[in-house]
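Taking full-length UniProt numbering, the leading residue of the sequence shown gets 1, the next gets one more, and so forth. Glycine is no exception: its CB is placed at the ideal position from the N, C-alpha and C atoms. Structure, as structure tokens:
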Amino acid sequence: MLQHTPEVNHIADIIKVMNSGIEFYQEAKEKIDRPEYTSFFNRMIDAKESAVFELQKYAVVEKGDLETGSDSMTEARKIYTKLVDKISTGSSAENYVDQLEEVEDKVLEEINEALAKDQAPDCEATLHRVKVRMKECHDEMRMLQNGLVH
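Structure, rendered in structure tokens:
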């Protein structure tokens with residue numbers, strides 16, 4: 001009888017969203033030149049870079065190579081934020097934080113989608129660890145958003 005070897009699924013998609021998120025946070029740091037945001041955005045970038053590093057070996061299993069792409073929905077959010085920033089009289093920080101919180105939602109959605117699929121045990125364990133850290137990022141971003149908005 002052949003033994004079923006669990007696959008690795010949906011990892012490259014998670015990395016694409018995180019890569020876009022990293023770029024978006026870096027852009028936000030440049031646009032919002034305030035020290036309290038810079039350290040916060042740096043923590044978010046570091047958490048995502050660490051998660052991408054951990055997940056890359058599974059992307060190689062899934063796709064045969066490292067994942068360096070980005071997510072089209074996240075890229076669209078960056079464009080939207082720039083547009084709103086140009087036409088809005090509202091705070092640039094508020095616009096960026098709103099959209100970055102949505103990116104955090106998307107990261108968690110992608111991880112949950114991957115966890116709903118058949119995964120190799122070590123990949124699944126890594127996904128659970130990454131999810132805990134990304135949930136912390138999401139919750140921090142939500143607190144920042146709630147402190148800024150209204």
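Item                                                                                                                                                  : Value
Starting from SER70, follow the alpha helix (DSSP H) in both directions and report where the run begins and ends.                                     : It is not in any alpha helix (DSSP H) - SER70 carries neither H nor E in the DSSP assignment.
Below 8 Å CB to CB, which residues in the same chain sit around LEU112 once its five sequence neighbours on both sides are set aside?                 : Looking at the sequence provided, one finds Asn at residue 112 rather than Leu. LYS131.
Which of the three DSSP states, helix, strand or coil, is assigned to LYS63?                                                                          : helix
I'd like to know if LYS29 contacts chain C, where contact means its C-beta is closer than 9 Å to some C-beta of that chain.                           : Looking for chain C here will not work: only one protein chain is present.
According to DSSP, is ARG34 part of a helix, a strand, or is it coil?                                                                                 : coil
Give me the residue from HIS10, LYS82, GLY21, ASP46 with the minimum Cα distance to LYS63.                                                            : HIS10
Can we count ASP65 as close to the ligand SAM, meaning its CB is less than 8 Å from some heavy atom?                                                  : Judged by which ligands are present, the structure shown has none, so any question about the ligand SAM falls away.
Who are the near neighbours of THR38 in its chain, counting only those whose CB is closer than 7 Å to its CB and skipping five residues on each side? : LYS29
Are LYS135 and LEU100 touching if we call contact CB-CB under 9 Å?                                                                                    : no
I need the DSSP call for MET1, collapsed to helix, strand or coil.                                                                                    : Reliability of the predicted coordinates at MET1 is poor, the pLDDT of 46 falling under 50, and the value obtained from them is presented with this limitation in mind. Coil, per DSSP.
Suppose you measure from the CA of LEU115 to the CA of THR74; what does that come to, to the nearest Å?                                               : 21 Å
In three-state terms, what does DSSP make of ASN19?                                                                                                   : helix
Give a yes or no on whether the C-beta atoms belonging to LYS117 and SER70 are separated by under 9 Å.                                                : no
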